Amino acid sequence: MKINVPKSVDWIINRLEEKGYEAYAVGGCVRDSVMGKEPHDWDICTSALPDETLSVLGMENIIENGIKHGTVTIRVDGENYEITTFRTDGEYTDNRHPESVTFVRDLREDLSRRDFTVNALAYNKQRGLQDYFQGVGDIENKVIRCVGSPDRRFGEDALRILRALRFSSVLGFDIEKRTAKSIHKNAYLLKNISKERIMSELIKILQGENVEAVLLGYPDVIAEIVPEIKPMIGFEQHNPHHVYDVWTHTVKVVSGIRAEKKLRLAALFHDIGKPAKFTVDENGTGHFHGHPELSADIAEVVLRRLKSDNKTISDVCKLIRLHDIRPFVRKSIRRLMAKSGMELFPELLELKRADAKAQNESYIKETLEYIDFLETMYYKEREENNDFTLKMLKINGQDLKDIGIKNGREIGYCLNQLLMKVIDEEIENKKENLLEYAEKMDKNICKS
Ligand code: ATP
Ligand code: MG
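Taking my numbering, I'd label the letters of the sequence shown as residues 1369 to 1816.
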């Protein structure tokens, strides 16, 4: 099998090989190349010790020198490449870090410490593809399989559990039976893994094409990293609009929505508050009043704990909070746009669409037509440059000062009241109308 290696990678490998060392492209880049996909970065491994690598490649190209960890980063033609000395890991005592690493001269030993057979592949032009663990066969059969004993490998580093789910989701591969069994058995070890690393894998799992099978097959693993999802699993809704339990519905919304971080997160958490809000009416029908607010509150707690950034938290929670509001008249539709913000509104519609598609088929057509109507209303407002923020008002704070409203709080209050009146079309958005209304407005309310 021939793999197209970028020129710079070839250059690095050749320099090391000329000096009598072995060097290979290794890991994900080889896996992706075998699959016919363009790798997003190229890692290199070599038998040269870190200081040997440094002396062969010339100090001028080195940008980072992690000699102790056996990794040297070098810059060639504007790209960075990590070159790692063949190594074996020592004992793992905390399910995440080896106590020590030992440099070795044998490629096979280096490949044997890698997580999955499909990632334990190395390639160079001279010696071709190096596949000691039948990784190519597993790629052909679309299988994720641990290198060696799954229990031992997940015990060494529990993050590999999430990596297995991630590769299954992103590559569309099944997880081999023994590996799968071991994942369920060892999922509790994820408690030892840092929140940042968990979040980074979760986001990749959520964005994979095969996410539905992964979330339905491994809810116990997801519940290990987000215990709040546990009540959703198998929770029946007893409602004619729904044909799935809360978790299955959730999974269908996740896989049905565009693979973008905040949308997939919003989908995952949009109904997380449902079990706690469940009530049954006299006809035996289930309801979940107030679930969007509770779901948003829970999502915020979870996302903060997983060290998500503030913008993501704010957007995701807004989408969740607003996902179930169904305005019909122009005034309420404009209010909804004001609440979400014009930027986020199209994404709110995406969440609504995915949510509708994962419900009882008999209602889908009607709901989707309604969402199309909201979209038409949205574009009309966009055409008129209405953004429903204070910026769209034809007056500003200075205009209010000029008519004698000096107090900052009063000015803020007036502008917000005027905006609401404009959104509701109770006042025309014209300077004289706005000023006239502002003068008459009762401002005592902000003095208390
Ligand atoms: P991608 O870069 O597409 O996310 P990748 O397979 O390249 O996937 P990286 O995290 O870049 O993943 O790791 C590079 C290689 O290092 C892997 O292919 C694998 O061989 C090895 N590796 C990475 N993380 C681990 C781990 N936790 N345990 C064992 N081997 C690992
Ligand atoms: Mg990689």
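By construction, the Cβ of each residue, glycine as well, lies at the ideal position given by its N, Cα and C atoms.
Predicted model, so just to flag it, every value in this text is computed and none were measured.
- Bridge partners of residue 1471 according to DSSP: 1455.
- With three or more CB-CB distances shorter than 8 Å, the stretch 1684-1701 counts as touching the stretch 1631-1641.
- Rounded to whole angstroms, residue 1704 and residue 1689 show a C-alpha spacing of 11 Å.
- When C-alpha distances from residue 1532 are compared across 1659, 1548, 1737, the shortest belongs to 1548.
- At a threshold of 6 Å, residue 1527 counts as near the ligand ATP, since its beta carbon sits closer than that to one of the ligand's heavy atoms.
- In this structure, the beta-carbon distance from residue 1463 to residue 1526 falls below 7 Å.
- Membership of residue 1539 in the alpha helix (DSSP H) is indicated by the continuous run 1527-1539.
- Annotation for residue 1593: 1558, 1566, 1570 place their beta carbon closer than 7 Å to its own, counting only its chain and skipping 5 residues before and after.
- Per the DSSP secondary-structure output, residue 1612 pairs with nothing in a beta bridge.
- Shortest Cα-Cα distance from residue 1801 to any of 1768, 1465, 1450 involves 1768.
- The count of Cβ pairs closer than 8 Å, one atom from the stretch 1435-1452 and one from the stretch 1504-1522, stays below three, leaving the stretches out of contact.
- Between residue 1541 and residue 1561, the beta carbon gap of about 22 Å keeps them out of contact (Cβ cut-off 8 Å).
- A straight line joining the alpha-carbon of residue 1740 with that of residue 1761 spans about 28 Å.
- Under DSSP, residue 1701 forms no beta bridge with any residue.
- With contact defined as three or more Cβ pairs closer than 8 Å, the stretch 1776-1792 and the stretch 1728-1747 are not in contact.
- Here the alpha carbons of residue 1417 and residue 1468 stand approximately 16 Å from one another.
- Secondary structure note for residue 1753: it is in no alpha helix (DSSP H), with a DSSP letter that is neither H nor E.
- The stretch 1592-1606 and the stretch 1622-1633 do not touch, with fewer than 3 CB-CB distances between them shorter than 8 Å.
- Between the alpha carbons of residue 1370 and residue 1724 lies a distance of about 47 Å.
- Residue 1449 is bridged by DSSP to 1442.
- The C-alpha of residue 1807 is placed about 9 Å away from the C-alpha of residue 1772.
- By DSSP's assignment, residue 1466 forms a beta bridge with 1460.
- Nearest in C-alpha terms to residue 1695, of all of 1729, 1669, 1738, 1662, is 1738.
- Exclusion of the five residues before and after residue 1372 leaves 1401 as the residues of its chain whose Cβ lies within less than 8 Å of its Cβ.
- Of all alpha-carbon atoms in 1453, 1759, 1376, 1518, the one lying nearest the alpha-carbon of residue 1410 is that of 1376.
- Per the C-alpha coordinates, the member of 1399, 1630, 1646 positioned closest to residue 1614 is 1646.
- Annotation: the continuous alpha helix (DSSP H) that includes residue 1768 extends over 1765-1770.
- Non-local beta-carbon contacts of residue 1576 in its own chain, meaning distances under 6 Å to residues more than five positions away in sequence, involve 1537, 1538 in chain order.
- Contact check for residue 1414 and residue 1454: beta-carbon distance about 7 Å, within the 8 Å limit, so the pair qualifies.
- Proximity of the beta carbon of residue 1483 to the ligand ATP is indicated: a heavy atom of the ligand is located closer than 6 Å.
- In the DSSP assignment, residue 1393 forms a beta bridge with 1412, 1491.
- If the five residues before and after residue 1718 are omitted, its C-beta is found closer than 7 Å to the C-beta atoms of 1625, 1626, 1631, all from its own chain and listed in chain order.
- Its Cα nearest to that of residue 1708, the residue 1693 stands out among 1493, 1721, 1698, 1693.
- When beta bridges are read from the DSSP output, residue 1782 appears opposite no residue.
- Here DSSP, grouped into helix, strand and coil, assigns residue 1712 to coil.
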